[in-house]
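A quick write-up on the structure given underneath.
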Amino acid sequence: MSVVKKRPLSLPEPNSKQLDAEIDRLCAAGLESLGYGEEQLELLAKKTWQINALKKERNVVIPAHVYQRAEILAGVADLKGDSYKLAKDCTQVDADVIVFCGVRFMAETAKILNPDKEVLLPAKEAGCSLADSITAQDVRAIKKKHPGLPVVSYINTTAEVKAESDVIVTSANAVKILEKVYAEHPRVIFLPDAWMGRNLAKQMGKKVGSEMIVWEGKCIVHENFDAGSVKFYRKMYPGVRILAHAECSPALVDTVDFVGGTGDMLRFVKDTAAPHYMLVTECGLGDLARTEMPDKHFVPMCRLCPYMKAIDLDRILQALADPKPSQRIKVSARIARQARLSIERMFELAEDSAQR
Ligand code: 13P
Ligand code: SF4
1 MSVVKKRPLS LPEPNSKQLD AEIDRLCAAG LESLGYGEEQ LELLAKKTWQ
51 INALKKERNV VIPAHVYQRA EILAGVADLK GDSYKLAKDC TQVDADVIVF
101 CGVRFMAETA KILNPDKEVL LPAKEAGCSL ADSITAQDVR AIKKKHPGLP
151 VVSYINTTAE VKAESDVIVT SANAVKILEK VYAEHPRVIF LPDAWMGRNL
201 AKQMGKKVGS EMIVWEGKCI VHENFDAGSV KFYRKMYPGV RILAHAECSP
251 ALVDTVDFVG GTGDMLRFVK DTAAPHYMLV TECGLGDLAR TEMPDKHFVP
301 MCRLCPYMKA IDLDRILQAL ADPKPSQRIK VSARIARQAR LSIERMFELA
351 EDSAQR
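Residues 1 to 356 (my numbering) are what the sequence shown spells out, left to right.
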């Protein structure tokens with residue numbers, strides 16, 4: 001097992017030429033267009049340079065979710081994407097160490113898929129309200145109440161909950177996978193997102209409570225968007241295309257032009273021509289969209305996820321240079337073995353092109 005060696009915080013220092021080149025690189029990646037000033041860029045550039053130098057020295061890879069801070073995505077991330085893409089990318093990592101910039105369930109998934117690698121989560125507070133809404137014991141109780149029903153769990157769950165599940169889904173593949181599960185079972189348990197469950201049930205014509213047993217977990221970010229303000233912006237910005245994450249309420253989802261995961265939302269924007277776009281989700285996605293598509297106009301409408309934003313460059317640098325025990329992701333071998341089966345079932349069903 002490879003381990004990042006403990007050493008005092010002696011960090012590599014860029015010379016002025018290296019620092020200027022790093023500032024130019026961050027500008028070219030779009031940070032200037034997000035409003036980062038000269039002083040800020042200089043500060044950030046020193047840290048991104050140091051992180052990248054340590055990454056090379058210690059054979060580290062940094063996957064980063066699209067909700068992460070713009071300087072992380074533009075400056076130090078090696079792999080970027082939604083929760084499905086990052087999980088999939090983590091099946092093909094060569095590095096000795098994974099420093100995961102996302103939330104705990106994502107880092108745990110990386111560890112489950114790479115049991116022999118060191119996986120670090122720079123901020124121990126980087127949890128998720130959905131993952132916290134249900135325990136493995138809750139899943140065992142719901143299975144006892146509904147014997148024989150398959151448990152389809154959103155990836156926003158702990159390793160222990162995944163170990164109790166039959167298959168994992170993300171917003172990118174939930175419909176496809178559920179269709180396959182429903183082809184063999186008239187009733188399923190879906191957890192833990194109450195609103196995503198209801199959105200999926202409506203889209204698939206399934207009855208909540210009978211055909212789909214749904215857990216009542218909520219995302220603290222997406223539960224706070226309201227359908228009324230979405231309607232207001234539609235009037236304010238004629239022609240605006242409004243996209244919402246699948247964790248939003250059914251009432252809001254009814255008013256928008258597109259519903260999906262973060263990767264689907266970005267693809268929709270890339271593939272359509274509209275005068276304005278509104279991304280009803282965490283603010284990081286809008287920042288990333290602005291850097292990747294500077295010619296498109298985005299109407300501001302977003303909320304910060306305090307868990308995702310718990311990670312910053314200082315914490316990444318510290319985790320790389322001298323990881324604390326609380327930053328090391330640990331999943332017991334038994335849980336990892338069981339959880340891996342439900343994650344691999346997701347890969348298999350999500351990538352299977354065969355018709356039902
Ligand atoms: P995605 O899989 O769409 O990236 O969503 C992850 C998430 O946590 C949304 O709140
Ligand atoms: Fe969890 Fe919501 Fe944050 Fe996503 S946005 S990580 S679902 S709390």
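Where a beta carbon is used, it is the ideal one built from N, C-alpha and C, also for glycine. Predicted model only: the values in this text are computed from it and were never measured.
Annotation: K206 is outside any beta strand (DSSP E) and is labelled neither H nor E by DSSP.
Pairing W49 with Q68 gives a Cβ-Cβ distance that is not under 8 angstroms.
For P325, the secondary structure class from DSSP, reduced to helix, strand or coil, is helix. Annotation for L130: N156, P192, D193, G217 and C219 place their beta carbon closer than 6 angstroms to its own, counting only its chain and skipping 5 residues before and after. Nearest in C-alpha terms to T255, of all of D271, K143 and R234, is R234. Look at T157: its beta carbon is at least 7 angstroms from all of the heavy atoms in ligand 1.
The DSSP-derived three-state label of C248 is coil. Here H245 is buried: its Cβ has 16 or more other Cβ atoms, across all protein chains shown, within 10 Å. At a threshold of 7 angstroms, S171 counts as near ligand 1, since its beta carbon sits closer than that to one of the ligand's heavy atoms. Three or more Cβ pairs closer than 8 angstroms define a contact, and the region 90-102 falls short of that threshold against the region 276-283. If only uninterrupted beta strand (DSSP E) runs of at least 3 residues are considered, those enclosed by the region 21-68 are 63-65. DSSP places V256 outside both helix and strand once states are collapsed to three, so it counts as coil.
Closest option to I62, judged by alpha-carbon separation, among T262, P122, S133 and G205: P122.
Nearest in C-alpha terms to D94, of all of N15, L86, A174 and K117, is K117. V151 places its beta carbon 8 angstroms or farther from that of K145.
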